[in-house]
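For reference, the structure is listed below as structure tokens.
Number of protein chains: 2
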Amino acid sequence: MRYTSTTTTSDGITERDFDHDGVPGVLWTPAGDPTGLVLSAHGGGQHKRALGSTARAHHCAAAGLAVVTLDAPGHGDRPRTPEDEHYATEIRARLTTGRDATAVVAEYNALQAARAIPEWRSVLDTLVEPLGGATGSDVGFWGVSMGSALGIPLAAAEPRIRTAVFGLVGATDALTLAATTITASVRFLLQWDDQLVPRDAGLALFDAFAGPRKSLHANPGGHGEVPAHELDDAVRFLAG
Amino acid sequence: MRYTSTTTTSDGITERDFDHDGVPGVLWTPAGDPTGLVLSAHGGGQHKRALGSTARAHHCAAAGLAVVTLDAPGHGDRPRTPEDEHYATEIRARLTTGRDATAVVAEYNALQAARAIPEWRSVLDTLVEPLGGATGSDVGFWGVSMGSALGIPLAAAEPRIRTAVFGLVGATDALTLAATTITASVRFLLQWDDQLVPRDAGLALFDAFAGPRKSLHANPGGHGEVPAHELDDAVRFLAG
Numbered sequence: 001m002r003y004t005s006t007t008t009t010s011d012g013i014t015e016r017d018f019d020h021d022g023v024p025g026v027l028w029t030p031a032g033d034p035t036g037l038v039l040s041a042h043g044g045g046q047h048k049r050a051l052g053s054t055a056r057a058h059h060c061a062a063a064g065l066a067v068v069t070l071d072a073p074g075h076g077d078r079p080r081t082p083e084d085e086h087y088a089t090e091i092r093a094r095l096t097t098g099r100d101a102t103a104v105v106a107e108y109n110a111l112q113a114a115r116a117i118p119e120w121r122s123v124l125d126t127l128v129e130p131l132g133g134a135t136g137s138d139v140g141f142w143g144v145s146m147g148s149a150l151g152i153p154l155a156a157a158e159p160r161i162r163t164a165v166f167g168l169v170g171a172t173d174a175l176t177l178a179a180t181t182i183t184a185s186v187r188f189l190l191q192w193d194d195q196l197v198p199r200d201a202g203l204a205l206f207d208a209f210a211g212p213r214k215s216l217h218a219n220p221g222g223h224g225e226v227p228a229h230e231l232d233d234a235v236r237f238l239a240g
Numbered sequence: 241m242r243y244t245s246t247t248t249t250s251d252g253i254t255e256r257d258f259d260h261d262g263v264p265g266v267l268w269t270p271a272g273d274p275t276g277l278v279l280s281a282h283g284g285g286q287h288k289r290a291l292g293s294t295a296r297a298h299h300c301a302a303a304g305l306a307v308v309t310l311d312a313p314g315h316g317d318r319p320r321t322p323e324d325e326h327y328a329t330e331i332r333a334r335l336t337t338g339r340d341a342t343a344v345v346a347e348y349n350a351l352q353a354a355r356a357i358p359e360w361r362s363v364l365d366t367l368v369e370p371l372g373g374a375t376g377s378d379v380g381f382w383g384v385s386m387g388s389a390l391g392i393p394l395a396a397a398e399p400r401i402r403t404a405v406f407g408l409v410g411a412t413d414a415l416t417l418a419a420t421t422i423t424a425s426v427r428f429l430l431q432w433d434d435q436l437v438p439r440d441a442g443l444a445l446f447d448a449f450a451g452p453r454k455s456l457h458a459n460p461g462g463h464g465e466v467p468a469h470e471l472d473d474a475v476r477f478l479a480g
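Line order of the protein sequences matches chains A and B. No gaps in the numbering here: position 122 of the first sequence is 122 in the numbering used here, and each next residue is one more. No gaps in the numbering here: position 198 of the second sequence is 438 in the numbering used here, and each next residue is one more.
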């Protein structure tokens, strides 16, 4: 992991841009010793410093947590393959013409998971030790929509992830299978009027999580309209 | 309202037993001026000082809220009519023999609502003024199961109720109709494996709330197994 720039904000939060084997990312650390580490994965079409990712990171750091985010494959400062271009065009075309994008989003998400999971595991290996023992045993994950499509199989493969905020994604065979093996405590966010995720598919995926602690939080509104109180609530859940 | 006894606990919370036109109840007030008033309705077969009601009241009072609870008709220190006895026997018999109790519970709940709503409105009229102006404009309701069966039509009739914690109850024609007219912010608790409330009936009732702010919190477990973190969360929601 090669740090390329460091800035400290007025509230004592340090932001470090880095490059990890060609994957650009940002590490936020709180003023004092972090009490845990949160892996924060952005949604489709977004990037490591998108408004949502940055707000989430600052809220977490203010609560004492370190946060790391990466540009997903084909997103942000990373090159797009012809496959990325194909899916981006196809998903956009379907959404703008009001056609069903569920299947093609699920296909692209599966591809993203296959590419991103090894990157996240490598970042986790690199960060856990320097951040200290307590942090290493308290790893959380926060990613909805495409962030959950990679986060759910990541958490299934990574028992170091103890707490996870997922949501805005529906059941597929692969995600359902992964969900049944996750032991982390899960907060699952569902938007009641999500135009990209059929309600029943979201409820079915929540149903599949087999761990003893899981909570579904459902709110009115579309895919991008998770209310602000869920942000605060998720920070409390991860910091808890 | 005639106060029959007053005690103050070590944390400065005052508990007053009272009788209001023949209805026994308890009023808890915090050490300082209350910032709001919560109407707390217990579930079927319980009473005004049941463990759950008392824990809820102490958590709310510690957060600065006044809390009032009543014995429901046919519950606690109140006389049971032959109808109460009939329903209590019938519901118990169905539950212990594993038969479906949904319809008979819904019937009894509707009867309870018709009897209890005028009592709650009268208590609210009596308490709002003495507790002061700020409290009177910030009234919350907290009742699940039978408590919601009366609380949902109560909140529909009482625009003074601005915030409400409901749950553990399924859609019926009467509850669905009431839910569509409620303007209060709603927190709805659903137990994913509720043996008394079919999952779809709970989801359908959540769907019916027409106000702009509502959140569903669903957790694994049966009817009586709402996790402790939802207690803290509900207090924060009501105190917010």
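We treat Cβ as the ideally placed atom computed from N, Cα and C, and that holds for glycine.
Report task. Whole angstroms is fine: what's the gap from A:T4's alpha carbon to A:V123's? Result -> Cα to Cα, the separation comes out at about 16 Å.
**Report entry** Run of the beta strand (DSSP E) containing B:D378, from where it starts to where it stops
**Finding:** Where B:D378 is concerned, there is no enclosing beta strand (DSSP E), given that its DSSP letter is neither H nor E.
Query raised in the report: With distances taken from CA atoms, which of B:V345, B:L335, B:R400 and B:L390 is nearest B:L367?
Result: Of the candidates B:V345, B:L335, B:R400 and B:L390, the one whose C-alpha sits nearest the C-alpha of B:L367 is B:R400.
Requested in this report: Kindly say whether A:P34, judged by its beta-carbon, lies nearer than 8 Å to any beta-carbon of chain B.
Outcome: No, A:P34 does not count as interfacial toward chain B.
Requested in this report: Verify whether the separation of the beta carbon atoms of A:T172 and A:A156 is less than 8 Å.
Outcome: The answer is no: Cβ separation not under 8 Å.
Query raised in the report: Which residues, taken in chain order from the region 80-97 of chain A, show a beta carbon closer than 8 Å to some beta carbon of chain B?
Result: Cβ contacts with chain B: none found.
Query raised in the report: What are the boundary residues of the alpha helix (DSSP H) that B:H469 is part of?
Result: Its alpha helix (DSSP H) spans residues A468 to A479.
Query raised in the report: Going by C-alpha distance, which of A:W192, A:G170 and A:F166 is nearest A:L238?
Result: Cα-wise, what sits closest to A:L238 is A:F166.
Query - Cut-off 7 Å between Cβ atoms - residues of its own chain near B:A356, not counting five sequence neighbours on either side - result: Same-chain partners within the cutoff: A312, P313 and L390.
Query - Terminal residues of the alpha helix (DSSP H) in which B:F446 lies - result: Taken as a continuous stretch (DSSP letters only), the alpha helix (DSSP H) holding B:F446 covers R439 to A448.
Report task. Quick one: using the 10 Å Cβ neighbour count with 16 as the cut-off for buried, is A:T29 buried or exposed? Result -> Note on A:T29: 16 or more other CB atoms within 10 angstroms of its CB, so buried under the neighbour-count rule.
Query raised in the report: Going along chain A in order, which residues have a C-beta closer than 7 Å to the C-beta of B:L478?
Result: None at all; the shortest Cβ gap to chain A is about 13 Å.
Query raised in the report: From B:D473 to B:E347, what distance separates their C-alpha atoms?
Result: So the two alpha carbons sit approximately 31 Å from each other.
Query - Three or more C-beta pairs below 8 Å linking the region 30-44 of chain A and the region 57-71 of chain A - result: Segments in contact, yes.
Query raised in the report: What does DSSP give as the partner residues of B:G491 in its beta bridges?
Result: Outside the modelled stretch of chain B, which goes from 241 to 480, sits residue 491 of chain B, for which no answer is possible.
Requested in this report: Give the C-beta separation of A:V105 and A:L196 to the nearest angstrom, bearing in mind that I take them to be a contact with Cβ-Cβ under 8 Å.
Outcome: Indeed, because the Cβ distance is near 6 Å, the residues count as touching under 8 Å.
Requested in this report: Verify the CB distance criterion: does A:S215 have a CB-CB separation below 8 Å to chain B?
Outcome: With its beta carbon less than 8 Å from one in chain B, A:S215 belongs to the interface.
**Report entry** Test item: CB-CB of A:S185 and A:G147 under 8 Å
**Finding:** No, the pair does not count as a contact, with Cβ atoms beyond the cut-off.
Requested in this report: In angstroms with no decimal places, state the Cα-to-Cα distance between A:G202 and A:Q191.
Outcome: Just so you know, the alpha carbons of A:G202 and A:Q191 end up roughly 9 Å apart.
**Report entry** Members of the region 344-356 of chain B near chain A, C-beta cut-off 8 Å
**Finding:** Result list empty, no residue passes.
Query raised in the report: Which whole-angstrom value describes the C-beta separation of A:A57 and A:T69, a residue pair presumed to lie in contact below a C-beta threshold of 8 Å?
Result: Confirmed, Cβ separation roughly 7 Å.
Query raised in the report: Closest Cβ-Cβ distance between B:A303 and chain A: below 8 Å?
Result: Not an interface residue.
Query raised in the report: Using 8 Å as the threshold, is the region 278-292 of chain B in touch with the region 444-458 of chain B, meaning 3 or more CB pairs across them?
Result: No: fewer than three Cβ pairs fall under 8 Å.
Query raised in the report: In whole angstroms, what is the alpha-carbon distance linking B:A328 and B:F258?
Result: Their backbone Cα atoms lie some 26 Å apart in a straight line.
Requested in this report: Please report how far the alpha carbon of B:A301 lies from the alpha carbon of B:F428, in whole angstroms.
Outcome: Distance between the alpha carbons of B:A301 and B:F428 is about 21 Å.
Report task. Output the residue ranges of the alpha helix (DSSP H) runs that lie fully inside the region 96-181 of chain A and measure 4 residues or longer, sorted by chain position. Result -> Counting whole runs of 4 or more residues, the region 96-181 of chain A contains the alpha helix (DSSP H) stretches 102-131, 133-136, 146-157 and 173-179.
Query raised in the report: Going by DSSP, which residues form a beta bridge with B:Y208?
Result: Residue 208 of chain B lies beyond the stretch modelled for chain B, which goes from 241 to 480, so this question has no answer here.
Query raised in the report: Any idea if A:G25 is buried or exposed, counting beta-carbon neighbours within 10 angstroms, 16 or more meaning buried?
Result: A:G25 is buried by the Cβ-count criterion.
**Report entry** chain D contact residues for A:P30, given Cβ-Cβ distances below 7 Å
**Finding:** Among the protein chains in the structure shown, which are A and B, there is no chain D.
Requested in this report: Pull up the distance between the alpha-carbon of A:P79 and that of A:T97, whole angstroms please.
Outcome: Straight-line Cα distance between these residues: approximately 27 Å.
**Report entry** Which listed residue (B:D317, B:L351, B:S250 and B:V384) has its alpha carbon closest to that of B:V263
**Finding:** When the alpha-carbon of B:V263 is set against those of B:D317, B:L351, B:S250 and B:V384, the nearest one is in B:D317.
Report task. Output the distance between the C-alpha atoms of A:P227 and B:T321, rounded to the nearest integer angstrom. Result -> Note on geometry: alpha-carbon atoms of A:P227 and B:T321 lie some 46 Å from one another.
**Report entry** Within chain A, the residues that B:A395 reaches when beta carbons sit closer than 7 Å
**Finding:** Those within 7 Å of B:A395 in chain A number zero; the least Cβ separation is about 17 Å.
Query raised in the report: Going by DSSP, what residues sit across from B:T294 in a beta bridge?
Result: Beta-bridge pairing links B:T294 to no other residue.
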